[in-house]
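Protein chains in written order, with the working numbering: chain A, 24 to 125; chain B, 195 to 354.
Positions of the beta carbon are idealized from the N, C-alpha and C atoms, including for glycine.
Keep in mind the model is a prediction, meaning the values are calculated, not measured.
Structure record follows, encoded as structure tokens.
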């Protein structure tokens, strides 16, 4: 479905994840973060950039991988994105909902 | 129920067994709750205490006897080494699907904000002291304390 956010039209699925990463830009990410009550800091963006890089390299994401990323540890990940961090961060990053159970 | 539309807000998971398959089930459920933004607390009682016992947690086994889903004759499952072999094979499979070992899983759980409680009665029964336990364990508490932890709308309890 179409939705207008940060002055552009993007396509999202029924859970609000972007269906095409090409439509993502930082303003869209910032607006999606605000909807999740998150004010983006440089630290948030470092994590988002990491998730996007992994997505572009076709690496499936999990909490365990985040912990081993060297970018952020699990504790800080939960501090940055307190509620459902992997899902919330993926939504802000414009990448699909993670399918991992761990 | 109406307040949160029946939504799960908190999972209280009681682990009473130390066979690897039960420990992993409890850990995956607790971690999965946190990943969904649901609070999670665990209560380790009876043999479940082994999952947080410093010297025992690395040596948990799967049950090859009395477990029909192993599709192994009971007599064979009881032979020396069979349980160790089955455990070894299962651990290899788990690593393949990116499943952490027990110690690493405990670290993931505590970093994710899961509270870990040890059952006082079982601690006394097995003569364990708080120092014997994994350092991330929050405290040794009674069952009454655990129920109090679970008060509030949207809390669910699970016994494994």
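Assigned exposure category for residue 72(A) - 16 Cβ within 10 Å defines buried: exposed
Burial state of residue 296(B) (16 or more Cβ within 10 Å): buried
Proximal residues of chain E, C-beta to C-beta of residue 101(A) below 9 Å: Given the protein chain composition of this structure (A and B), no chain E is represented.
Span separating the alpha-carbon of residue 283(B) from that of residue 333(B): Per the coordinates, the alpha-carbon of residue 283(B) lies some 34 Å from the alpha-carbon of residue 333(B).
Bridge partner(s) assigned by DSSP for residue 351(B): Residue 351(B) is bridged by DSSP to 206(B).
Residues sharing a beta bridge with residue 311(B), DSSP: 237(B) and 333(B)
Reduced DSSP secondary structure (H/G/I, E/B, other) of residue 268(B): helix
Neighbourhood of residue 122(A) by C-beta distance below 8 Å, restricted to the same chain and skipping five residues each side: Within the same chain, residue 122(A) has close Cβ partners 83.
Where the alpha helix (DSSP H) through residue 48(A) begins and ends: In the DSSP assignment, residue 48(A) falls outside any alpha helix (DSSP H), carrying neither H nor E.
Counted within 10 angstroms of its Cβ, other Cβ atoms place residue 65(A) as buried (16 or more) or exposed: exposed
Residue 36(A) - containing beta strand (DSSP E), residue span: No beta strand (DSSP E) holds residue 36(A); DSSP gives it neither H nor E.
Assigned secondary structure, residue 300(B) (DSSP; H/G/I helix, E/B strand, else coil): helix
8 Å Cβ cutoff, residue 81(A) in contact with chain B: no
CA-to-CA distance, residue 320(B) to residue 111(A), given in whole angstroms: 43 Å
Contact between the segment 269 to 280 of chain B and the segment 203 to 223 of chain B (3+ Cβ pairs under 8 Å): no
Nearest to residue 101(A) (by Cα), restricted to the options 294(B), 266(B), 233(B) and 274(B): 233(B)
Nearest residue (CA-CA) to residue 30(A), options 98(A), 117(A) and 50(A): 50(A)
Cβ-based burial, residue 195(B) [other Cβ within 10 Å; buried from 16]: Any reading at residue 195(B) must be qualified, since the residue scores a pLDDT of 47, below 50, and its modelled position is unreliable; no value is offered.
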